[in-house]
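Asker: Under the UniProt record's numbering, the letters of the sequence shown match residues 1 to 185, in that order.
We put the beta carbon where it would ideally sit given N, CA and C, even for glycine.
Please see the structure below; I have some questions.
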Amino acid sequence: METPCESEFSRRYPVDKVQARSQVLNLKAKPEECDAVAKRFDLIELKSLSATLELDPMGKGSLLDVKGRLRAKVTQYCILSAEPVPSDIDEAFEIMYSFEPIRDTAEEILIDIDVEDPPEMADPTGIDFGEAIVQQLAVMLDPYPKAQNSTWDGDSVDEAPDEEEIQEAAKTSPFSVLKDLQIKK
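Right, here's the structure in full:
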């Protein structure tokens, strides 16, 4: 049997403990956990990672609403120069967990972007809030970090060739190299 992959920042809580009552969790990653998460996301450094989670059981214990605030000090690579780009993340998030299978009776699935995400199915053995925090961090990271003094010099493979380059390319056939491979009779 395959064992599940353990998160770099695992904080697993049993289902009966989180279903019982509303509570607040304060979770903080250890330095070695920060290093492992930084490696996972190809970051220069993850100096700190913490979150405050408010757990609120709903619907006779069948749902768990998790409202959280994530805080992190992260250093990413600049997309232009590969220089270090430090940033502070301080953002709120919300995740809904379901302890019962979600029944889908609809014939046709209509997607409405204004509707909240459906609840995540909770693992019967417990919820790993550490991994949930790491996943939220991934969403909150700047996808295109740019250093302040970094500039784009305009060199790009997407630039249109000038007229001289077009004429030169037209003179050369892509099949001209095959001419040398022909067997002479």
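(1) From what residue to what residue does the alpha helix (DSSP H) around Gln135 run?
(2) I need the boundaries of the beta strand (DSSP E) containing Arg71, first residue and last residue.
(3) Taking the alpha carbon of Cys134 as the reference point, which residue from Lys28, Glu83 and Ser22 has its own alpha carbon closest?
(4) Distance check for Gln136 and Ser48, CA to CA, integer angstroms please.
(5) Which class does Arg12 belong to by DSSP, given the choice of helix, strand or coil?
(6) Can you grab the Cα-Cα spacing for the pair Glu168 / Pro161, in whole Å?
(7) Closest by CA to Arg12, which one among Gly130, Pro86 and Gly59?
(8) Answer yes or no: do Val74 and Leu141 have a C-beta to C-beta separation smaller than 8 Å?
(9) Can you give me the start and stop residues for the beta strand (DSSP E) that Glu45 sits inside?
(10) For Leu27, which three-state DSSP category applies?
(11) Give me the residue from Val15, Ala38 and Val18 with the minimum Cα distance to Phe9.
(12) For Glu120 and Ile95, which I take to be in contact (beta-carbon distance under 8 Å), what is that distance rounded to the nearest angstrom?
(13) So the alpha helix (DSSP H) Ala169 belongs to, where does it begin and stop?
(14) Evaluate Phe99 with the Cβ neighbour count: other Cβ atoms within 10 Å of its Cβ, from every protein chain shown; 16 or more gives buried, anything less gives exposed.
(15) So, under 8 Å CB-CB, Ser150 and Ser81 are touching, yes? Tell me the CB distance rounded to an integer number of Å.
(16) Taking C-beta to C-beta, are Ala92 and Arg69 nearer than 8 Å?
(17) Excluding the 5 residues preceding and the 5 following Val128 in the sequence, name in chain order all residues of the same chain whose CB lies nearer than 7 Å to its CB.
(18) Between which two residues does the beta strand (DSSP E) harbouring Ser98 extend?
Answerer: Per the coordinate set shown:
(1) Phe129 to Met140
(2) Leu63 to Tyr77
(3) A quick correction: the sequence has Val, not Cys, at residue 134. Ranking the options by Cα distance to Val134, first place goes to Lys28.
(4) 14 Å
(5) strand
(6) 11 Å
(7) Gly130
(8) yes
(9) Glu45 to Met58
(10) strand
(11) Ala38
(12) 6 Å
(13) Glu163 to Lys171
(14) buried
(15) 5 Å
(16) yes
(17) The amino acid at residue 128 is misidentified as Val; the sequence shows Asp. So the qualifying residues of the chain are Ser7, Ser10, Arg11 and Arg12.
(18) Pro84 to Ser98
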